[in-house]
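For reference, the structure discussed in these notes is given below.
Residue numbers (our numbering), protein chains in the order written: chain A, 120 to 232; chain B, 182 to 296.
Right, dumping it as structure tokens:
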């Protein structure tokens, strides 16, 4: 298995809703990442997990809450989002070394209404 | 800090034309360099990589050579196809401290190939 699987592919949520994005990989990668990507822009790093521990939080607002239940799963819990949070949310994984690229999922297209 | 600069797009070519997308970087030490491609509505896919000076990465007819003396990693393809239409991102990875191979992306270059 050489894929990162993200669900759902599309999500529409209201500003008072709570929802979660899910990400799964079975490549034995020990680093997992959440990125946010706006249209025609590069991905922006949000969080990094290494060996299931949060190692980097790029000053992300607390309405985004990551969770890593085990080495294969990564969640992003969403609460009280704003319309400007609408974006493509990408999960990625890697071996965590400098020489290895990331494997990205196909993303969740989030719309906040 | 680390940074990547890509040529401004969009780039529009006819099928079978030669493609070059310029990429230069600024980094301390010796980063690894990558090209990612993003097709419409999809995530990013690793296209090719090079991990040390003078390495050439290649895949699907695309090539890029790690040039330390010019701090560049330009993407080339001899004959583009309509199916190559996508956004191309140059990126570097430098592991230091808690970087965990953290990627720094360029701004992306939109490529459109017409029949």
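Note that beta-carbon positions come from the ideal geometry of N, C-alpha and C, so glycine has one too.
Closest to residue i by CA distance: which of the options is it?
{"i": "residue 261/B", "options": "232/B, 244/B, 250/B, 270/B", "result": "244/B"}
{"i": "residue 247/B", "options": "191/B, 212/B, 184/B, 289/B", "result": "212/B"}
{"i": "residue 187/A", "options": "165/A, 180/A, 141/A", "result": "141/A"}
{"i": "residue 209/B", "options": "257/B, 287/B, 237/B, 273/B", "result": "273/B"}
{"i": "residue 214/B", "options": "220/B, 222/B, 191/B, 205/B", "result": "205/B"}
{"i": "residue 130/A", "options": "202/A, 217/A, 145/A", "result": "202/A"}
{"i": "residue 165/A", "options": "123/A, 125/A, 151/A", "result": "151/A"}
{"i": "residue 120/A", "options": "128/A, 139/A, 145/A", "result": "145/A"}
{"i": "residue 292/B", "options": "266/B, 187/B, 238/B", "result": "266/B"}
{"i": "residue 191/B", "options": "268/B, 238/B, 221/B", "result": "268/B"}
{"i": "residue 198/A", "options": "230/A, 136/A, 211/A", "result": "136/A"}
{"i": "residue 163/A", "options": "170/A, 230/A, 154/A", "result": "154/A"}
{"i": "residue 170/A", "options": "126/A, 127/A, 212/A", "result": "212/A"}
{"i": "residue 200/B", "options": "256/B, 284/B, 285/B, 283/B", "result": "256/B"}
Taking the alpha-carbon positions, what's the residue i to residue j distance?
{"i": "residue 264/B", "j": "residue 294/B", "result": "8 angstroms"}
{"i": "residue 156/A", "j": "residue 177/A", "result": "14 angstroms"}
{"i": "residue 184/A", "j": "residue 197/B", "result": "47 angstroms"}
{"i": "residue 226/A", "j": "residue 229/B", "result": "21 angstroms"}
{"i": "residue 207/B", "j": "residue 183/B", "result": "5 angstroms"}
{"i": "residue 234/B", "j": "residue 174/A", "result": "30 angstroms"}
{"i": "residue 189/B", "j": "residue 290/B", "result": "6 angstroms"}
{"i": "residue 147/A", "j": "residue 167/A", "result": "16 angstroms"}
{"i": "residue 192/A", "j": "residue 253/B", "result": "36 angstroms"}
{"i": "residue 138/A", "j": "residue 132/A", "result": "8 angstroms"}
{"i": "residue 134/A", "j": "residue 232/A", "result": "6 angstroms"}
{"i": "residue 160/A", "j": "residue 189/A", "result": "31 angstroms"}
{"i": "residue 232/B", "j": "residue 217/A", "result": "8 angstroms"}
{"i": "residue 249/B", "j": "residue 236/B", "result": "10 angstroms"}
{"i": "residue 224/A", "j": "residue 209/A", "result": "6 angstroms"}
Name the DSSP bridge partner or partners of residue i?
{"i": "residue 244/B", "result": "239/B, 257/B"}
{"i": "residue 185/A", "result": "195/A"}
{"i": "residue 151/A", "result": "168/A, 212/A"}
{"i": "residue 136/A", "result": "DSSP, once it has assigned bridges, lists no residue as partnering residue 136/A."}
{"i": "residue 183/B", "result": "According to DSSP, which records beta bridges pairwise, residue 183/B is partnered with nothing at all."}
{"i": "residue 123/A", "result": "144/A"}
{"i": "residue 206/B", "result": "185/B"}
{"i": "residue 195/B", "result": "295/B"}
{"i": "residue 206/A", "result": "229/A"}
{"i": "residue 200/B", "result": "258/B"}
Residues of chain A with CB under 9 angstroms from residue i, in chain order?
{"i": "residue 287/B", "result": "161"}
{"i": "residue 227/B", "result": "220, 221, 222, 223"}
{"i": "residue 270/B", "result": "161, 162"}
Strictly below 7 angstroms CB to CB, what residues from chain A border residue i?
{"i": "residue 259/B", "result": "What residue 259/B touches in chain A: nothing, since even the nearest Cβ is about 23 angstroms away."}
{"i": "residue 284/B", "result": "221"}
{"i": "residue 274/B", "result": "217"}
Which residues of chain A have a Cβ atom closer than 8 angstroms to the Cβ of residue i, listed in chain order?
{"i": "residue 223/B", "result": "225, 226"}
{"i": "residue 254/B", "result": "None at all; the shortest Cβ gap to chain A is about 13 angstroms."}
Can you pull the chain B residues whose beta carbon is under 7 angstroms from the beta carbon of residue i, in chain order?
{"i": "residue 208/A", "result": "Going along chain B, no residue has its Cβ under 7 angstroms from residue 208/A, so there is no contact; the nearest lies around 10 angstroms."}
{"i": "residue 218/A", "result": "213, 232"}
Which residue marks the beginning of the beta strand (DSSP E) containing residue i, and which one marks its end?
{"i": "residue 114/A", "result": "Outside the shown range of chain A (120 to 232) lies residue 114/A, about which nothing can therefore be said."}
{"i": "residue 252/B", "result": "Premise fails: residue 252/B is in no beta strand (DSSP E) and is neither H nor E."}
{"i": "residue 230/B", "result": "225-231"}
{"i": "residue 219/B", "result": "213-219"}
{"i": "residue 272/B", "result": "267-274"}
{"i": "residue 284/B", "result": "284-286"}
So with Cβ pairs under 9 angstroms, would you call residue i a contact of chain D?
{"i": "residue 211/A", "result": "No chain D appears in the structure shown, which is made up of the protein chains A and B."}
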